[in-house]
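Taking it in order: structure first as structure tokens, then the write-up.
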Amino acid sequence: MVEEIKTLERKKAPAIVDAVDFKLQLKPYTKFTLKNGVEVYAIDAGAEEVMAIEWVYYAGNWYEDQNLVAATVNFLLKNGTRSKSAFQINEHFDYYGSYLNRACYNETATLSLHCLTKHIGELLPVVRELLTDAVMSQEELAIYQQNMKQKLKVSLKKNDFVAGRLIDVYLFGEQHPYGKYSKEEDFDKLNQQQLLDFYNQYYRQGKFVLFVAGKLPANLEPLLNEHFGDLTSNAVTTQSILSQPSSEKKFRVANDKDGVQGSIRIARPFPNRHHPDFLKAQVLNSLLGGFFGSRLMSNIREDKGYTYGIHSYMQNHIHESAWMISTEAGKDVCEATIQEVYKEMKDLREELVDDEELLLVRNYMMGSILGDLDGPFQIIARWKNIILNGLDEKYFYDSINTIKTITAEELQGLARKYLNPEEFYELVVV
Amino acid sequence: MINFEKFTLANGLRVIVHQDTSTPMAVMDVMYDVGARDENPERTGFAHLFEHLMFGGSIHIPNYDEPLQMAGGENNAYTTNDLTNYYIQLPAENLETAFWLESDRMLSLAFGEKSLDVQRKVVCEEFKEHYIAKPYGDVWHKMRELAYTRHPYRWMTIGKELSHIENARLEDVKDFFFKYYRPVNAILVVAGNVTTEKVKALAEKWFGDIPSGEKYRRNLPQEPEQKEERKLEIKANVPLDALYKCWHMYPRLDRRYYITDLLSDILGGGGSSRLYQTLVKEKQLFSNIECYHFGSTDAGLLCIEGKLVKGVTMQTAENALDDILKQIQAELVMETELQKVKNKTESMMAFEDMSVMNRANSLAYYELLGDASWMNFELDKYASVTTEDILQESRKIFRKENSNTLYYYSGN
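Note that the protein sequences, when read in sequence, are chains A and B.
The numbering used here applies: residue 1 is where the first sequence begins, and numbers increase by one.
The numbering used here applies: residue 431 is where the second sequence begins, and numbers increase by one.
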């Protein structure tokens with residue numbers, strides 16, 4: 001008997017606290033308004049002496065009249081002002097070990113600065129200069145055009161890149177901000193004056209919001225007011241642009257005759273975060289293909305070995321979304337992969353998910369959110385997403401509540417409503 | 431300064447505990463002292479394939495991922511030429527689940543045929559996705575074979591060829607496991623909202639009775655000094671000509687490693703670096719150019735790679751690059767230029783250390799190199815580098831006879 005007690009019971013899992021029992025909190029932000037009415041959201045947290053600031057402008061490709069104008073203006077922000085060359089600007093930010101990045105999305109375009117907190121005072125004046133005094137010179141534009149066209153040539157050789165562009169065209173139409181994509185001739189058409197006009201309207205006088213996180217200096221508010229509190233920040237009118245989904249649903253595209261894999265995208269339109277089904281569908285999505293233990297991954301990777309990975313997700317758009325399944329599979333098993341995806345949808349429509357699997361998904365999702373809220377940059381990123389989508393903290397707590405309480409019947413109802421193969425666009429690029 | 435405590439179990443397993451109570455999470459990192467460099471040249475890609483098999487069920491636990499997900503945890507793993515690392519993040523309350531899972535697969539795998547069958551295919555798809563389906567995807571296969579004649583860095587982690595993976599047998603899997611995946615060849619780091627006392631008790635409980643195994647003594651063929659410059663031309667279905675150059679550098683623990691690291695930043699680290707400013711912006715010969723190294727434990731490679739602007743000849747591009755390399759061998763870099771890359775290194779480390787996972791991973795890596803506490807002296811090592819060091823080392827590294835050049839031509 002004594003012997004047996006000593007033997008470790010290795011088959012039995014140790015007791016766990018179910019993650020669904022965790023009380024998850026999203027650390028509240030501090031908000032203040034600069035003299036010009038610009039809103040600042042701040043999270044002061046973290047152990048390292050680092051911080052990040054993001055300037056979010058309503059200057060995404062939604063606002064451009066011609067393809068690539070928004071992205072090009074965003075790119076050229078740090079390529080020269082009246083008093084500093086691109087090199088001097090880069091040297092300044094590099095010297096302080098900081099990272100100044102820009103990114104252009106559909107609705108917004110951003111400039112973000114990551115730096116050691118002690119250097120913030122040296123960096124903000126130059127950021128201001130970029131936002132008020134950029135020149136978008138002809139020479140910088142020409143280099144950008146040439147290098148971006150070359151980069152595009154290389155990307156077009158990749159099936160996954162081509163597939164990503166095409167599926168968005170089918171979902172939203174080529175004229176829609178979510179569907180349009182860059183072509184070589186679009187780069188050629190760009191001219192300096194239209195860039196400057198866009199810069200004037202959407203940056204120098206455009207609407208912006210600030211998100212700040214990290215170990216923040218005590219004088220953050222006066223500091224931001226000093227450098228950004230006097231800038232003009234006008235309201236922006238957002239035109240409504242309707243998507244024009246393709247009427248044809250199934251596509252097979254040849255891109256690389258020597259290729260060994262096909263890029264598969266299976267997608268359907270889906271409403272945005274304000275729709276009552278959105279949060280619940282997130283749970284169904286996790287079950288379908290949202291994590292390593294999902295049905296798609298277990299079947300198509302872990303059982304069949306058709307792919308290195310298969311994922312499903314909702315596209316991160318503000319106006320309307322899409323439910324996407326994406327994978328790269330061996331050329332000869334692409335069609336078999338698609339059939340298995342539809343089989344998994346069918347199972348979700350026809351069979352109730354059992355308690356154990358549902359608890360697994362709940363625990364996984366809760367643990368993942370808990371881990372994801374670790375650190376000031378992660379917390380502000382979550383807030384940013386909530387705020388830019390016109391939501392509030394209720395969205396966060398509703399999503400937790402949905403994960404904890406959604407039933408197998410509700411999931412099946414959603415599967416019947418949304419996971420019908422005939423409603424999906426289907427694309428293979430080989 | 432990263433604080434930690436360290437102890438060793440009777441079976442030789444080294445355990446490091448790093449406490450951070452500001453997070454609700456715990457992290458477990460298990461690093462095994464085996465990488466692609468330890469493979470048989472006829473069975474390459476094995477260390478990485480093996481990493482996949484570690485998720486195919488262990489002796490008492492048929493499914494690794496499910497119980498971890500049930501405990502709200504996430505995990506992943508990676509293999510390099512030098513090491514294999516497994517890491518878990520989960521709510522601190524459920525830390526014991528990580529001990530249970532990791533100890534069981536260190537004790538023994540289930541060695542199922544099905545798992546091997548499937549993962550062979552999965553890894554083959556990974557191989558295709560990253561190295562065959564991508565334009566320029568074969569560059570590092572070719573470059574490693576050019577630059578190394580004897581050292582096992584001459585193949586990539588993914589393996590030399592698909593057939594090596596396709597031919598892997600269950601027998602090989604077993605041998606590999608019992609040779610390398612033993613407590614005496616592993617390091618366990620537990621970090622986050624944990625106490626040393628609790629980790630000690632759990633480590634004894636779950637890892638204490640695993641047979642120690644035999645210490646793996648690495649004895650790899652050493653790369654002889656390169657005496658002649660090497661060149662290779664490739665023509666492929668890619669849209670742009672590209673130039674790749676590599677030079678042998680120094681092992682991870684050599685002081686000159688730090689000098690070379692800063693040198694690579696001066697040349698090719700971002701928008702104010704020499705290569706980018708001169709070759710992309712001023713002369714417009716390349717559409718992009720970078721300088722970096724692989725951070726290898728044994729003597730690695732310093733690399734420069736760039737894509738040529740359409741219409742520029744390879745000769746023109748290479749000459750312009752050579753001019754910049756000649757200049758850095760002829761004149762001291764400016765103090766402010768050196769300070770710039772030191773500042774960048776400092777801030778990069780601060781950002782990396784924000785994540786408990788990264789801290790745990792670094793502690794394991796430095797312990798593998800010799801001592802976890804070295805993590806706290808890295809910055810001093812960079813700080814001690816002088817402009818004279820940069821001058822001297824660039825003269826040694828950029829010798830013609832130390833160079834390997836790959837001309838990648840567009841076949842279109």
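Quick reminder that beta carbons are idealized off the backbone N, C-alpha and C, glycines included.
From a predicted model like this one, the values you see are computed outputs, not experimental measurements.
Backbone secondary structure at residue i - three-state DSSP
i	result
A:T327	strand
A:D186	helix
B:G567	coil
B:K421	Summary: the structure shown does not reach residue 421 of chain B, with chain B confined to residues 431 through 842, and so no result is reported for it.
A:V2	In this predicted model, A:V2 has a pLDDT of only 42, less than 50, meaning its place in the structure is not dependable enough to derive any value.
B:F807	helix
B:D459	strand
A:N285	helix
A:M314	strand
B:W853	What the structure shows of chain B is the stretch from 431 to 842, and residue 853 of chain B is not part of that stretch, so it cannot be assessed.
A:L414	helix
A:A218	coil
B:P521	strand
B:A621	strand
B:K661	strand
A:I53	strand
B:R580	coil
Residues near residue i in its chain [Cβ-Cβ closer than 7 Å; skip 5 each side]
i	result
B:K421	With chain B represented from 431 up to 842, any question about residue 421 of chain B goes unanswered, as that position is not in the structure.
A:G375	G46
B:Q714	V739
B:H482	Q549, V552 and V553
B:Q707	none
B:M431	N806
Residue i to residue j span [Cα, whole Å]
i	j	result
B:H448	B:V569	40 Å
A:M51	A:I120	9 Å
B:Y561	B:H478	15 Å
A:I5	B:G643	With a pLDDT of 45 at A:I5, under the threshold of 50, the modelled position of this residue cannot be trusted; read the value that follows with caution. About 26 Å.
B:M536	B:R612	7 Å
A:D347	B:K635	42 Å
B:R574	B:R660	12 Å
A:I318	A:F424	21 Å
B:S545	B:P565	31 Å
A:L296	A:N401	25 Å
A:D277	A:F270	10 Å
B:F437	B:L762	46 Å
B:G701	A:R204	24 Å
B:Y722	B:G699	8 Å
B:L732	A:S155	26 Å
Proximal residues to residue i (C-beta, below 8 Å), its chain only, five neighbours per side dropped
i	result
B:L670	S717, K737, L738, K740 and S840
A:G413	none
B:L821	I758, Q759, E761, L762 and V763
Within chain C, partners of residue i - CB distance below 7 Å
i	result
A:R10	Protein chains A and B are contained in the structure displayed, whereas chain C is not.
Cutoff 6 Å; reference residue i; Cβ partners in own chain excluding five residues on either side
i	result
A:S399	L279
B:T766	none
B:L755	F828
A:R265	A163, I167, S326 and L427
Distance CB(residue i)-CB(residue j) smaller than 7 Å
i	j	result
A:V353	A:L411	yes
B:N832	B:H678	yes
B:T453	B:K675	no
B:P654	B:A729	no
A:G229	A:K35	yes
A:F187	A:G179	no
B:A563	A:V260	yes
A:G80	A:V135	yes
Residue i CB to nearest heavy atom of the ligand SAM below 6 Å
i	result
A:K118	Although the ligand SAM was asked about, the structure shown includes no ligands whatsoever.
- Item | Contact residues within the segment 291-314 of chain A, judged by C-beta distance below 8 Å to chain B | Those would be F291, F292, G293, R301, E302, D303, K304, G305, Y306, T307 and Y308, in chain order.
- Item | Under 7 Å (Cβ pairs) to chain A, residues found in the segment 517-532 of chain B | Answer set for the segment 517-532 of chain B: Q519, L520, P521, E523, N524, E526, T527 and W530.
- Item | Members of the segment 641-670 of chain B near chain A, C-beta cut-off 8 Å | Here the close residues are N667, V668, P669 and L670.
- Mind checking the segment 736-754 of chain B against chain A and listing, in chain order, the residues whose C-beta falls within less than 7 Å of any C-beta there? Of all residues in the segment 736-754 of chain B, K737, V739 and K740 have a Cβ within less than 7 Å of some Cβ in chain A.
- Cβ-based contacts, 8 Å cut-off: residues of the segment 709-731 of chain B near chain A: Residues V710, K711, Q714, S717 and N718.
- Item | Residues of the segment 551-580 of chain B with Cβ closer than 7 Å to any Cβ of chain A, in chain order | Residues of the segment 551-580 of chain B with a Cβ closer than 7 Å to any Cβ of chain A, in chain order: K551, V552, E555, E556, K558, E559, I562, A563, K564 and P565.
- Message: So if I threshold CB-CB distances at 7 Å, which residues from the segment 209-229 of chain A count as touching chain B?
- Response: The residues in question: there are none.
- Message: Output needed in chain order: residues of the segment 16-33 of chain A with a Cβ under 7 Å from some Cβ in chain B.
- Response: Cβ contacts with chain B come from I16, V17, A19 and F22.
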